[in-house]
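S.K.: So for the sequence shown, the numbering used here puts the first residue at 984; every next one is plus one.
For glycine and all other residues, C-beta sits at the position ideal for the given N, C-alpha and C.
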Amino acid sequence: MASWNSVPLEVLYNVLGWVAFFSWSISFYPQVILNFRRKSVVGLNFDFVVLNLTKHSSYLIYNASLFFSSDVQRQYRQKYGLDEMIPVAANDVAFSVHAVLLTAFTLFQIAIYERGNQKVSKTSIGIVTVACTLQVVMTVIKYIPQALMNFRLKSTVGFSIGNILLDLFGGVTNYGQMAVQSIDQNSWVNFYGNIGKTLLSLVSIFFDIIFIVQHYVLYPAKKMVISPNLDALSKEEALLKSSDHPHLDNRRLEVEDQLQNISPPELIYLKLLSLILDSEKRRLEVEDQLQNISPPEIIYLKPL
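(1) Report buried or exposed for S986, applying the criterion of at least 16 other Cβ atoms within 10 angstroms of its Cβ.
(2) To which residues of the same chain is K1102 closer than 6 Å at the C-beta, ignoring the five residues directly before and after it?
(3) When you compare the segment 1168–1181 with the segment 1018–1027, are there three or more beta-carbon pairs, one atom per stretch, that lie closer than 8 Å?
(4) Any idea which residues DSSP pairs S1023 with across the strands?
(5) Which class does D1070 belong to by DSSP, given the choice of helix, strand or coil?
(6) Going by C-alpha distance, which of R1135, L1148, T1037, L1183 is nearest Y1012?
(7) Is T1037 helix, strand or coil when you go by DSSP?
(8) Tell me which residue opens and which closes the alpha helix (DSSP H) that Y1175 is part of.
(9) When the Cα atoms are used, what is the spatial distance from D1261 to K1254?
(10) Check this for me: beta carbons of S1187 and Y1096, under 9 Å apart or not?
(11) Can you grab the Cα-Cα spacing for the pair S1010 / F1078, in whole Å?
(12) Please report how far the alpha carbon of T1122 lies from the alpha carbon of P991, in whole angstroms.
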């Protein structure tokens, strides 16, 4: 059985592996938290989630088999050499287990939160059925629907960039871990001996860069600025100035005093209040008019 030649490189290998695990694992939480805060999954492509679950499930089977099964390990060494180390570490298995659980939970959020008219496409359902073992292909396919949705909407609102940033960092550290093992063993067999892990990181990094460009360069989020229509508010206030009711005049003066030092949210509140006062003024005017009409006219107006 192969063993490490350098203790420092073995330590570095384990450190990089677990750094990749934590980075990749944490990357699932920004999207979960965003869905929870919004109580909505609008903007998150369902195909992305379903295909992601399929990919991680198949990747878990691969990692667990190569890590735990002595028969699979023996076959691996027969193919690549008896002196070759198994390219799957404990952090790879831990990541796969965590990824399946968090992706399944995200799918649960899709079931319980507001999702608009979005649904899983028939194409994705067919792909899940026939391609469960093609985890690298799944990695490529899962990113495309989200990238296309961002392109069509010209926006990344609803899709967590925190997921992508951590995924990119995890991919880089994953390659670093594999490189450390190759340097120690003076062999690059682990790169093509575990071609799934190699291509997985490569594809992830490629699409992560696309999402980062979409989020920060092509479709940057625009902050919503509240710009109240002061002219419209002034007109509403003017309607209150010619009132025959003293209590409304007093309230109008209070509103005018408050307009001097208020924030935009308060201004919106006062505008709504002005509309309410205007409605109250009109009601009182109608009541005044009703005092000076004859009973037949009241009978005629009552159904109205």
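M.R.: Taking the definition as stated:
(1) To locate residue 986, count along the sequence shown from 1; it is residue 3. Exposed, by the Cβ-count rule.
(2) Numbered from 1 along the sequence shown, position 119 holds the residue referred to as residue 1102. Closer than 6 Å at the Cβ level, and outside the excluded window around K1102, lies no residue.
(3) no
(4) The residue labelled residue 1023 in the question sits at position 40 within the sequence shown. E1097.
(5) In the sequence shown, counting from the first residue as 1, residue 1070 sits at position 87. Note that residue 1070 is Pro in the sequence shown, not Asp. Coil, per DSSP.
(6) Taking the sequence shown and counting its residues from 1, the one referred to as residue 1012 is at position 29. Cα-wise, what sits closest to Y1012 is L1148.
(7) Position 54 of the sequence shown, counting from 1, holds the residue named residue 1037. Residue state, collapsed to three classes: helix.
(8) Within the sequence shown, residue 1175 is the residue found at index 192, counting from 1. Here the alpha helix (DSSP H) through Y1175 covers 1172–1176.
(9) As a working mapping, residue 1261 is identified with position 278 in the sequence shown. As a working mapping, residue 1254 is identified with position 271 in the sequence shown. Using only the alpha carbons, I get a separation of about 11 Å.
(10) Here residue 1187 refers to the residue found at position 204 when the sequence shown is read from its first residue. Here residue 1096 refers to the residue found at position 113 when the sequence shown is read from its first residue. It is not a contact, given that the beta carbons lie outside the stated cut-off.
(11) In the sequence shown, counting from the first residue as 1, residue 1010 sits at position 27. In the sequence shown, counting from the first residue as 1, residue 1078 sits at position 95. Distance between the alpha carbons of S1010 and F1078 is about 11 Å.
(12) Within the sequence shown, numbered from 1, the residue matching residue 1122 stands at position 139. Within the sequence shown, numbered from 1, the residue matching residue 991 stands at position 8. Approximately 33 Å between the Cα atoms of the pair.
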